[in-house]
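Chemist: Let me give you the structure first, and then I'll get to my questions.
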Amino acid sequence: MKLFTLLLLLGVYGCYSQTASPAYYDRRCGEDLGNLWLEVVAVVDNSKGMTNKGLINIAANIASVVSNNTRIGTDPNEPRTTRLGLVTYNAVASEAANLDTYQSLDDVYDGVFGALGHVSSSDESYLVHGLALAEDILEAGKQTAVNRTHFQRVVIVYASTYK
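FYI, in mature numbering (1 follows the signal peptide of the UniProt record, and there is no 0) the residues of the sequence shown are -17 to -1, 1 to 146.
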């Protein structure tokens, strides 16, 4: 009987896996940003090419993205949270915030607008440095007391130019 059940399951699996056009079905994402489970690192070019006005616009954009009921930080009682890191780059990259820096929306507003308040003195802009540091932050973020390895990781790049 066990053999028959096993063969039946294998047969069903074989028939199912050989469909001409496999489809993936999942629940609709919804519109509640409070249910995001993400690890986000924003990588921002702060060279002279961005201008101070451009950096303020980027800071406002980052703040608006996470302000729509998104739960920021870590909470052992609420696993559905989003952590936000911030990297600025020009000739070199700098970590403005790791994934554990911001624990509330107020932290995000203060930190992002503070870090993006003015352009650097550099004309140079090397995206590769910013992306490398973002990868380091995401890797370091896996080493937490709460297992977040199943969370999707996102890098958002704000660049003046790309050459």
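The beta carbon of each residue, even a glycine, is placed where N, CA and C say it ideally should be.
Does DSSP put leucine 114 in a helix, a strand or coil?
Modeler: The residue you call residue 114 lines up with position 131 of the sequence shown. Residue state, collapsed to three classes: helix.
Chemist: I believe valine 129 touches threonine 84 by the beta-carbon criterion, under 8 Å. Please report the beta-carbon distance rounded to the nearest angstrom.
Modeler: Within the sequence shown, numbered from 1, the residue matching residue 129 stands at position 146. Within the sequence shown, numbered from 1, the residue matching residue 84 stands at position 101. The Cβ separation is near 16 Å, so there is no contact.
Chemist: In whole angstroms, what is the alpha-carbon distance linking alanine 42 and asparagine 60?
Modeler: Counting from 1 along the sequence shown, the entry for residue 42 is found at position 59. Counting from 1 along the sequence shown, the entry for residue 60 is found at position 77. Between alanine 42 and asparagine 60, the alpha-carbon positions lie close to 29 Å from each other.
Chemist: Terminal residues of the continuous beta strand (DSSP E) containing leucine 69?
Modeler: As a first step, residue 69 must be located in the sequence shown, where it is residue number 86. Leucine 69 -> beta strand (DSSP E) spans 66 to 72.
Chemist: Does the contact criterion of 3 or more C-beta pairs under 8 Å hold for the stretch 119 to 133 versus the stretch 89 to 101?
Modeler: no
Chemist: Using a threshold of 8 Å, state whether the C-beta atoms of glycine 37 and alanine 76 are closer than that.
Modeler: Stepping through the sequence shown from its first residue, residue 37 is reached at position 54. Stepping through the sequence shown from its first residue, residue 76 is reached at position 93. The answer is no: Cβ separation not under 8 Å.
Chemist: Look up leucine 21 in the DSSP assignment and give the residues it is bridged to.
Modeler: Numbered from its first residue, the sequence shown carries residue 21 at position 38. Gln135, per the DSSP bridge assignment.
Chemist: Find the nearest neighbour of asparagine 51 within the set Val91, Ser104, Ile120, judged by alpha-carbon distance.
Modeler: Taking the first residue of the sequence shown as 1, we reach residue 51 at position 68. Closest by alpha carbon: Val91.
Chemist: Valine 27 and alanine 117 look like a contact to me (Cβ under 8 Å); what is the Cβ gap, rounded to whole Å?
Modeler: Start at 1 with the first residue of the sequence shown, and residue 27 comes out as number 44. Start at 1 with the first residue of the sequence shown, and residue 117 comes out as number 134. Not really, about 10 Å apart at Cβ, beyond 8 Å.
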